[in-house]
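Chains as they are written, first to last, in my numbering: chain X, 1 to 226; chain Y, 1001 to 1758.
The beta carbon of each residue, even a glycine, is placed where N, CA and C say it ideally should be.
Here the structure is a predicted model, which means the values were calculated and not measured.
Take a look at the structure below.
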Amino acid sequence: MRFAVPVFPGSNCDVDCIKAVREVLDRPVDPVWHLEGKLDDYDAVILPGGFSYGDYLRSGSLARFSPVMEGVYEAAEKGKWVIGICNGFQILLEAGLLPGAMRVNDHLQFRCDIQKLRVENDRLPFTQDYGREEEIFLPIAHKEGNYYCDEETLSRLEQNGQVVFRYMGENPNGSVADIAGIVNEKGNVLGMMPHPERAVHAWMGSADGAKLFTSMLHDWRENGAA
Amino acid sequence: MQPNQTQSNTVAHREPTPEMIEKQQLYREVGLTEGEFRQVKGHLGRPPNWTELGIYSVMWSEHCSYKNSKPLLRRFPAEGPRVLQGPGEGAGAIDIGDGQAVVFKIESHNHPSAVEPFQGAATGVGGIIRDVFSMGARPVALLNSLRFGPLEQNRVRYLFGQAVAGIAHYGNVVGIPTVGGEVEFDSSYEGNPLVNAMCVGVLDHKDLQKGVASGIGNPVLYVGASTGRDGIHGATFASEELTENSEEKRPAVQAGDPFMEKLLLEACLELVNQGILIGVQDMGAAGLTCSSAEMAAKGNTGMDLDLDAVPQRETGMTPYEILLSESQERMLLVVEDGREREVKEVLDKWGLSSAVVGRVTDNRRYRICHRGEIVADIPVHTLVDDAPVLHRTGAEPEYYRRFAGVRPEKQMDPIHPQEALKRVLASPNVASKRWVYQQYDHMVRTSTAVRPGSDAAVIVLDGLDKALALSTDGNGRYVYLDPEQGGAIAVAESARNVVCSGAQPVGITDCLNFGSPEKPEVFWQLEGAVNGMSAACRELETPVVGGNVSLYNETQGEPIYPTPVVGMVGLVESRKHITTQSWKQEGDTLLLLGETFAELGGSEWQQTMNGEISGRPPQLDLSKEKRLQKTVLEAIRQGWVTSAHDLSAGGLAVALSESAIGGEQGANVELESDLDASVFLFSESQSRVLLSVSPDVAEEVGKLAASHGVPCTNIGRVGGEKLTIRLNGSTAVELTVKELSAIWEGAIPCAMNPSSTN
């Protein structure tokens, strides 16, 4: 199983994602410069956090036009695994690969913390190693994580089990229905504000993110390459 | 060749002629004295033109030349077996073994932050990051030390909120974790806040760069953002007092673009990796002028610069403006002749514009060409090495004599210690700084092992068992009451902080924030503080490898508290030594190392209860301090310690509360002393540490302490929902950890969200 981590100018969690894949899964993972258009050699794509192209205009709104996104669309289309973390989630929303939009946190400040979450859907390739409604801790670090979608979309997300992670305790950004992460209808494109790559060893404050990576590897082993 | 003295081009029409500069004493407007102007004339053999005057004015400003502080700074110990690079470069470097070094520096951005807090603070962070990566190091952590007036004031809340947001914005976008620092509030900083930013980087020895221009004929490359009219005379502005007219200096504050910085950082490190660079320096204070002149002076060479080649974002800029602009995110590189193409390839990849703006020459002159004419021609060493040095003398202030006989413990109101604890915990100086640090991304780069909120932050190093412990410390109140003691305490406390995290202190960077050195009382403070810091650095073997001086921190003629800030770096030998201040285990024994005296001068208790400070600060015995630190570090390395917390502001009462809050459990504490309960609990006596250890090793720790001659007292055990403190059998404090936590966590958020009708 081979991972690609697209690197945009301004990405700053690319190295962290690469380290997490290596340290948790010991699988090959490559940074892919934003000018590359093809991701055919990879089974999974992780769009990392950061401030792609400075996040000028709107978070993720410029990154969606970059050449590497052609590869991301294709990967999503083919049913490969695509994860967008933080800025990566914002990019997936801007790219239309996930429904909804991101607003500035309701308190208007950047918020960095280790946040309690609940795994709402543990039947996905990204979450199968988690328990049912397992409560986990993952770091968050964003100023625009206030997820929004209209009521119709929300009820569709809820009915289809597309809400993957929900904030527990205080909602750190004001998102609709405490949403922290969602998946597309096909179940192969995940967007989430929390950073699983920052929680893969106990010394980091939590190791709860590791299961997200191991889930994918298990799924890949069970079901073969996508 | 003589520079253009006639006013032939249209731009220069607006500029004063050399004759006007001299006759109308226009040099005063740019901060030069009559004597300094005479020196300039002597160096040039003629009166300077407007451009040359501007160059001298910034190069000889306190900010660039340290003319007021240089004789004092020489007293700092700058050498040691681990020192790889001492003061004089972008940042200092200290060997940490395995062929690696830690590179770090702290710098002030006080005056810009006083008039435009968001950009002022943001660009302070940007500047210090460039200082570190210009050494060839990968920045791995940021810290900051902040001082503001009381939060009751509207304007202070604005300055504080915006400065924090600015720091957050810049560091978060570049993707360097902001892992620690400190914030204090006092009315002496009301009009003149302090924003000191520290950056820490790591490099392989072979990659260490210098800001030097060598190799005659080698091209000088300009990289990064284009030059605009922002920040002109920022260095001069930083070297004068703030007045009611300082708002007009808003244009002297630059605007930052952290995205550009991120690109610059990655591109420069890629160039370092390829080994192409001969010299590299950030265009920081005094912009193109300072970076180019310093590089030539250090290389013992000269430099020809062609200003027409400088990328400009505004039209019609004069040489004066181009040279003195402090536009952000710009670097100056010297590369080997003929390798410009390789450099350009890397820069193009990162989308950075670059231009060859000059050449290294052998004539040791600094020559500037603009539109085909020489507009400045200056012997380069006169800008850097021959900058004036002022030998000032200090005078003991009246208050120091007056405070000699004050005994704060005799003036105590009969306030119950429990009530006092509630008030001290709610003081914004002591209260949780979560409101601040949760705005900073402190986990990016996935190396933060101890997050903000403990004595020191700890950063692990990729692929190694080692880690770095980082802390900043300063206590303006102590330094005000006794500069020498206060200066020494700043060093000792920051060292104690990293020791409590499991690290050996290895070196410091410092930022000396003071008022006007032209006032003998202020100079007395500066000199005393430097002496105290130097003595502590010698005893604790922590050389000063770099730093910054910020003088003229005054409003309406009133100086701030003298505030030297120490940025300390410690080396954790093994990750298993990493220790925090929170209690871990019910039943653990609490040990208090060190002695408690009636020392309340300048304490948080005194400030909170009386609204002012007086007397003498706690006295520091450096030999005791060293033995204490040895004991703590040895105990940690033996694996005996479950938590360690330095006793500082608020004394034992606050230390117990913080360890309880962090560990979410209480303790039963039994104390015996001849001192009154409030004195014992809130004294800020130095060289004290609170340890929690498993009961079965408590005796071992006691023996270890005794072997170092450090008093060690068993004061109770961890456990329960309450923190109960009894002195000589009677209850002084009995509060649930929930209550303590609510007070401590709530203070700053409440202060920042006052009622709208307020």
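Between the CA atoms of residue j and residue i - distance to the nearest angstrom
i: residue 1346 of chain Y; j: residue 12 of chain X; result: 19 Å
i: residue 1010 of chain Y; j: residue 1200 of chain Y; result: Residue placement at residue 1010 of chain Y cannot be trusted, given a pLDDT of 46 that sits under 50; what the coordinates show is reported in the next sentence. One C-alpha to the other measures close to 47 Å.
i: residue 1611 of chain Y; j: residue 1403 of chain Y; result: 16 Å
i: residue 105 of chain X; j: residue 1170 of chain Y; result: 18 Å
i: residue 1452 of chain Y; j: residue 1125 of chain Y; result: 18 Å
i: residue 1728 of chain Y; j: residue 1419 of chain Y; result: 19 Å
i: residue 1758 of chain Y; j: residue 1063 of chain Y; result: Unreliable positioning characterises residue 1758 of chain Y in this predicted model, as indicated by a pLDDT of 41, which lies under 50. The coordinate reading is nonetheless provided below. Approximately 40 Å, taken between the alpha carbons.
i: residue 1352 of chain Y; j: residue 1173 of chain Y; result: 17 Å
i: residue 1425 of chain Y; j: residue 1497 of chain Y; result: 20 Å
i: residue 1322 of chain Y; j: residue 66 of chain X; result: 35 Å
i: residue 1025 of chain Y; j: residue 1304 of chain Y; result: 29 Å
i: residue 1560 of chain Y; j: residue 1164 of chain Y; result: 20 Å
i: residue 1159 of chain Y; j: residue 1660 of chain Y; result: 32 Å
i: residue 49 of chain X; j: residue 1311 of chain Y; result: 32 Å
i: residue 1099 of chain Y; j: residue 1082 of chain Y; result: 12 Å
i: residue 1332 of chain Y; j: residue 1515 of chain Y; result: 32 Å
i: residue 1759 of chain Y; j: residue 1622 of chain Y; result: Residue 1759 of chain Y lies beyond the stretch modelled for chain Y, which goes from 1001 to 1758, so this question has no answer here.
i: residue 1632 of chain Y; j: residue 75 of chain X; result: 55 Å
C-beta neighbour in chain X for residue i, strict 8 Å
i: residue 1263 of chain Y; result: yes
i: residue 1259 of chain Y; result: yes
i: residue 1442 of chain Y; result: yes
i: residue 1607 of chain Y; result: no
i: residue 1747 of chain Y; result: no
i: residue 1272 of chain Y; result: no
i: residue 1172 of chain Y; result: yes
i: residue 1451 of chain Y; result: yes
i: residue 1168 of chain Y; result: yes
i: residue 1138 of chain Y; result: no
Contacts of residue i in chain X (Cβ-Cβ under 9 Å)
i: residue 1796 of chain Y; result: Any property of residue 1796 of chain Y remains undetermined from this structure, which presents chain Y solely from 1001 to 1758.
Under 8 Å from the C-beta of residue i: neighbouring residues of chain Y
i: residue 139 of chain X; result: 1443
i: residue 135 of chain X; result: Simply none; closest approach about 17 Å.
i: residue 111 of chain X; result: 1438 and 1439
Residue-chain proximity (residue i, chain Y), Cβ-Cβ < 8 Å
i: residue 12 of chain X; result: yes
i: residue 219 of chain X; result: no
i: residue 51 of chain X; result: yes
i: residue 16 of chain X; result: yes
i: residue 19 of chain X; result: yes
i: residue 131 of chain X; result: no
i: residue 74 of chain X; result: no
i: residue 197 of chain X; result: yes
i: residue 54 of chain X; result: yes
Residue i beta carbon near the ligand NAP (any heavy atom closer than 7 Å)
i: residue 1311 of chain Y; result: Although the ligand NAP was asked about, the structure shown includes no ligands whatsoever.
Nearest-angstrom beta carbon gap, residue j and residue i [assumed within contact, 8 Å]
i: residue 172 of chain X; j: residue 111 of chain X; result: 5 Å
i: residue 1181 of chain Y; j: residue 1472 of chain Y; result: 5 Å
i: residue 43 of chain X; j: residue 80 of chain X; result: 6 Å
i: residue 1591 of chain Y; j: residue 1701 of chain Y; result: 6 Å
i: residue 1192 of chain Y; j: residue 1114 of chain Y; result: 6 Å
i: residue 1469 of chain Y; j: residue 1575 of chain Y; result: Actually they are not in contact, since the Cβ atoms of residue 1469 of chain Y and residue 1575 of chain Y sit about 12 Å apart, beyond 8 Å.
Partners in chain Y for residue i, counting only beta-carbon separations shorter than 7 Å
i: residue 266 of chain X; result: In this structure chain X extends from 1 to 226, so residue 266 of chain X is not present and cannot be described.
Beta-carbon neighbours of residue i, restricted to chain X and to distances below 7 Å
i: residue 1363 of chain Y; result: Going along chain X, no residue has its Cβ under 7 Å from residue 1363 of chain Y, so there is no contact; the nearest lies around 40 Å.
is_contact[residue i, chain A] using C-beta, thresh 8 Å
i: residue 1175 of chain Y; result: Annotation note: the requested chain A is absent from the structure, which comprises protein chains X and Y.
Chain X residues whose Cβ lies nearer than 8 Å to that of residue i
i: residue 1014 of chain Y; result: The contacting residues do not exist; residue 1014 of chain Y stays about 35 Å from chain X at best.
i: residue 1575 of chain Y; result: 203
Does the contact criterion of 3 or more C-beta pairs under 8 Å hold for the segment 1219-1229 of chain Y versus the segment 1351-1369 of chain Y? yes
Cβ contact (3+ pairs, closer than 8 Å) linking the segment 38-58 of chain X and the segment 1364-1376 of chain Y: no
Could you check whether the segment 1719-1728 of chain Y touches the segment 1656-1667 of chain Y, counting it as contact only if at least three pairs of C-beta atoms, one from each stretch, sit closer than 8 Å? yes
For the segment 1374-1391 of chain Y against the segment 1040-1059 of chain Y, do three or more pairs of beta-carbon atoms, one drawn from each stretch, fall closer than 8 Å, so that the two count as touching? yes
Are three or more beta carbon pairs between the segment 145-154 of chain X and the segment 175-184 of chain X nearer than 8 Å? With a cut-off of 8 Å, the segment 175-184 of chain X and the segment 145-154 of chain X count as touching, because enough Cβ pairs lie within range.
Any contact between the segment 1640-1656 of chain Y and the segment 1564-1573 of chain Y? By contact I mean 3 or more CB pairs, one from each, below 8 Å. Look at the beta carbons and you see the segment 1640-1656 of chain Y not touching the segment 1564-1573 of chain Y: under three pairs across the two are nearer than 8 Å.
The segment 114-129 of chain X contacting the segment 208-217 of chain X, beta-carbon criterion three pairs below 8 Å: yes
Does the segment 1434-1449 of chain Y come into contact with the segment 1538-1551 of chain Y, if we say contact requires no fewer than three beta-carbon pairs (one atom in each stretch) closer than 8 Å? no
Is it the case that the segment 1076-1090 of chain Y contacts the segment 1044-1053 of chain Y, given that we only count it when at least three CB pairs across the two stretches are under 8 Å? Look at the beta carbons and you see the segment 1044-1053 of chain Y not touching the segment 1076-1090 of chain Y: under three pairs across the two are nearer than 8 Å.
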